[in-house]
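*Asks:* Read in our numbering, the sequence shown has 53 at position 53, and its numbers run on one by one without any break.
I have a structure I would like to understand better, so I am pasting it below and will then ask my questions one at a time.
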Amino acid sequence: MSFRRRLLPGRGAYAAHENRASDVPFRVTHAFGTTTVRVDQRAAGTPDPRGGNWARLGVFAFDSGAGAKVELNGNANGYVVADAVRLRRF
């Protein structure tokens with residue numbers, strides 16, 4: 001992903017900023033209860049060969065009958081972005 005912006009004429013110094021939150025609360029409901037994990041979305045996650053990056057929330061036990069539940073809300077110090085959750089069984 002890249003961004004391009006038009007600038008004022010002539011050379012000048014600009015400060016570049018991003019706006020992701022550094023303390024996004026993810027709530028994981030698992031076989032032993034609920035765990036809240038805070039994720040810094042400003043940090044790069046683990047690259048996936050198929051594209052994208054993933055932030056590891058932890059390793060949890062899930063019962064097949066109950067399924068897996070991962071929630072998040074906007075209660076953070078910046079913009080919260082999420083479009084998928086990946087579960088990998090060991």
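Positions of the beta carbon are idealized from the N, C-alpha and C atoms, including for glycine.
Fair warning: this is a prediction, and the values are worked out from it, not measured in the lab.
Beta carbon of ARG20, beta carbon of GLY78: below 8 Å?
*Replies:* The answer is yes: Cβ separation under 8 Å.
*Asks:* Identify whether LYS69 lies in helix, strand or coil by the three-state DSSP scheme.
*Replies:* Reduced to three states, the DSSP call for LYS69 is strand.
*Asks:* Between ALA66 and ALA31, what straight-line distance do the alpha-carbon atoms span, to the nearest angstrom?
*Replies:* For ALA66 and ALA31, the distance between alpha carbons rounds to 8 Å.
*Asks:* Helix, strand or coil for ASN75 per DSSP?
*Replies:* Coil at ASN75, not helix or strand.
*Asks:* From the DSSP output, in three-state form, read off ARG86 for me.
*Replies:* In the structure shown, ARG86 sits in coil (DSSP, three-state: anything other than H, G, I, E or B).
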